[in-house]
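Presented below is the structure to which this report refers.
In the numbering used here, the protein residues as written are 263 to 435.
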């Protein structure tokens with residue numbers, strides 16, 4: 263998502279600079295926001311992060327339970343190894359390998375589910391923020407708004423920083 267915003271910012275800057283180059287006498291008003299700050303401070307993002315953290319914690323607890331079960335199976339096999347027949351030992355080793363494969367599959371699926379959940383929660387928020395940026399910038403007469411996070415060096419003129427206004431608008435929704 264960050265790459266998309268950086269790319270979008272670069273394309274917008276290039277297009278606007280070339281578009282406005284012919285109008286040398288016109289001044290372009292440029293504002294900026296810090297998307298990272300918006301994501302950290304805005305309540306909807308904090309709520310989404312809490313939901314993601316809760317889901318990750320639940321997955322971690324499930325993982326620990328599965329790992330403990332596999333550990334118990336391995337310990338039991340080691341304790342009883344001398345008492346088991348070759349066939350019975352092989353069956354238990356096979357059961358442990360099967361359980362490990364199930365765990366790896368579960369872990370992969372759990373990671374994908376968390377990634378999908380993150381997209382479900384954050385993508386609509388990012389779209390709302392972009393719409394709010396357009397509204398705030400139009401209300402204040404800005405021709406271009408860039409993400410200050412994506413810029414290596416920028417003279418920081420606070421009067422052109424729209425971050426707080428966007429956060430306030432997002433929190434007010």
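C-beta atoms are modelled at their ideal positions from N, C-alpha and C, and glycine is treated no differently.
Identity of the residues DSSP links to residue i by a beta bridge
i, result
"residue 292", "406"
"residue 423", "294"
Spatial distance of residue i from residue j (CA atoms)
i, j, result
"residue 219", "residue 326", "Nothing about residue 219 can be reported from this structure: the residues present for the chain run from 263 to 435 only."
"residue 368", "residue 406", "46 Å"
"residue 362", "residue 309", "35 Å"
"residue 294", "residue 386", "21 Å"
"residue 417", "residue 388", "25 Å"
"residue 371", "residue 401", "45 Å"
Residue i and residue j closer than 9 Å at C-beta
i, j, result
"residue 204", "residue 376", "In this structure the chain extends from 263 to 435, so residue 204 is not present and cannot be described."
"residue 432", "residue 300", "yes"
"residue 410", "residue 291", "no"
"residue 351", "residue 343", "yes"
"residue 339", "residue 321", "no"
"residue 317", "residue 379", "yes"
For residue i, the three-state DSSP class (helix, strand or coil)
i, result
"residue 346", "coil"
"residue 415", "coil"
"residue 435", "coil"
"residue 304", "coil"
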